[in-house]
Every structure is written in structure tokens, then in C-alpha cells.
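If you read the sequence shown in our numbering, its first letter stands for residue 4, the second for the next number, and so on. As C-alpha cells, the structure follows; a few thoughts come after it.
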Amino acid sequence: MEPADGVPDGEWRLIREEARPGPLNMALDEVAAETAAAGGPRTVRVYRWAPSCLSLGYHQDPDTVDWDGCRTAGVDVTRRQTGGGGIYHDSAGDISYSIAAPADELPGDLLDAYHLLCTPVLDAFARLGVDAGYADEERPAVYQPACYLRGLHPAHDVLSGGGGGRKLSGNAQYRRDDAVIQHGSVTYESLPDAHLGCFADSGVSAAEFRERVVGIAELTDASRAEAVAAFEGALGEWAGADEGAWTDAELDRAEAIADEKYRADEWVRRDPGGR
């Protein structure tokens, strides 16, 4: 299968949806980047968070989290390498993806790289019959600590109604010297109470949340499995990827990274002014 225009030639692998804890999902994104930078396959993957997880943005203040509420609800908490606010990744209501490739194979301009790597995301929505597009204008924040309620930006926020409706997907990117990782969250089912319940004193009602956020399930009759298949298909065809899997060495490396960073309080609860 040939990759789409603008996609680097070379070996790509598609890792179909797996259900893993949040810290391990974040560690696997790093491992995918290490593998690509070392001359191994570039990776497109779809993943599920099990159990449900709140992922904090890189600079997010831990005091914005309702830690007791998350614990009572059985929601994990980790911290991403990417910026922005916290995202509640419901085990059934969220579909996540990531793309990892060598840095020298992708555009150096951030916006150009976003638009290249978001191409399969928009294609997946089209396959599901969802009219989606980049936000057509900037909009102010509803509640800054929550990623889906932050100010909307045309560069990386994907909205229904061709970009004029409600937020469907947030996408973020971080760069190492040798690799680029982009990951994103797609709302299959909007769950305002569960999402807002992860935050301390948001002051946002479920009705206000629904005015900003919408899920695929509200816009189409597609089942979650059908939505996942659309994203797997779009990502795989965009990259010209063969179906692949993690090696044992990659999984061992991811567990080590998760223990050192994504499961560690020193990372998850760190003072945002400290780094």
C-alpha cells in the first residue's frame, strides 16, 4: 500500500486498538518515537484507556484535579508530555490515536506538521459521515484547566459542522531532537458529568459542557467498534502501513518508562512552575 502524498516513505506499522492503563499508553508513545528514531518502523496506532484516565497537560497545576473524586470513580491520573489542559479519557467514550516518525522526515513548521498528521483524523470522520473540520475561528475558554473547554484554536482543534460546531477532537504534538509524536483524543460519547467530576471546582454545568463538546455517537449511528475501525483504516491507509505489533523489548521499555515517569507522583503531581 502506498502512503498518501506528503507522508514519508519507509516502513510504517499500524497497531490496532489496544486497551491499556494511561501511564503505559503514554510510555508507548515515547517508545514508538524511540523505535522510529533508531531506524525501526514509524508507528500509527489507536488505543483505549483502561481504566478510564485523566491525562494532565504538561504544565497543568495538580491542584485543579479532584483527586478524591478520581479515586472514588476509579479514574487513573497521569501527565502527558504535551501541553494543554486535562482530558478525561473514558474507557468507552474516548478513542485515542498517535503517530510517531523521525523528526527529519516531517515538516519543521509546527502548523504544517499538524495539518499533515491530522489528515487521517479528518478522513476518519468523513468515513463515518461526520462533517468535521478545524475550528473556523478562535473562541474563548469556558474553563481553562479542562482541555475540551479551553479556548478553541484553528490549528489543532477539530469541530463538528465543518469547523463551526462543537469540539470533537483535540490534537497535540511534541518534538524530540530525533522524532515527532502527535497524539489526539476523539470523543465517541460525550460524558459531561464524568469529565467534569475529575476537576476541582470547575463551576461548569453539564449543559455548558454539551454546548462546547459533542461525540460521534450524537452525530451518527456508528457503533464504537465501527468508529475505531474508521480511524484504524484512515491512519493505516494514510501511512501505507502494514499491520504490526509491539516487540517484547518495546513493551519492557514502556513498562520501565511508565514506572519512572507516568506512574510516579514526582511526574504526575509535580509543581508546574518547577519545570
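By construction, the Cβ of each residue, glycine as well, lies at the ideal position given by its N, Cα and C atoms.
DSSP, read as helix, strand or coil, puts A149 in strand. Taking 8 Å as the cut-off, the Cβ atoms of G132 and G166 do not count as close. Within a 10 Å sphere around the beta-carbon of L162 sit 16 or more other beta-carbons, which makes this residue buried. By the 16-neighbour rule on beta-carbons within 10 angstroms, G88 is buried.
Per the coordinates, the alpha-carbon of R215 lies some 26 Å from the alpha-carbon of L238.
Excluding sequence positions up to five before and after P157, its CB lies within less than 6 Å of the CB of Y137, A138, all in the same chain and listed in chain order.
For D32, the enclosing alpha helix (DSSP H) begins and ends at 25–40. Pairing V189 with A41, the inter-Cα distance amounts to about 29 Å. Residue range 113–120 is occupied by the alpha helix (DSSP H) that includes L119. Per DSSP, reduced to three states, the secondary structure at G166 is helical. L125 and L109 have their C-alpha atoms some 19 Å from each other. Secondary structure note for H198: its alpha helix (DSSP H) is the uninterrupted segment 195–199. Bounds of the alpha helix (DSSP H) holding D71 are 70–76. Along the length of the stretch 174–241, whole beta strand (DSSP E) runs at least 3 residues long occupy 182–190, reported in chain order. Judged by their CB atoms, Y146 and L155 are not nearer to each other than the 8 Å cut-off. Taking the CA atoms as reference points, P275 sits about 38 Å from E14. About 18 Å separates the beta carbon of E20 from that of R45, a gap too long to meet the 8 Å contact definition. With a cutoff of 8 Å on beta-carbon distance, G86 and A175 are scored as near each other. Going by DSSP, V271 is part of the alpha helix (DSSP H) stretching over 268–271. Checking the DSSP bridge columns, you'll see L57 partnered with V80, Y91. In this structure the stretch 247–266 does not lie against the stretch 66–73, because fewer than three pairs of beta carbons, one per stretch, are closer than 8 Å.
Within the DSSP bridge table, the entry for G136 names L162 as partners. When the beta-carbon positions are compared, C56 and H92 come within less than 8 Å of each other. DSSP places A103 in the uninterrupted beta strand (DSSP E) bounded by 97–105.
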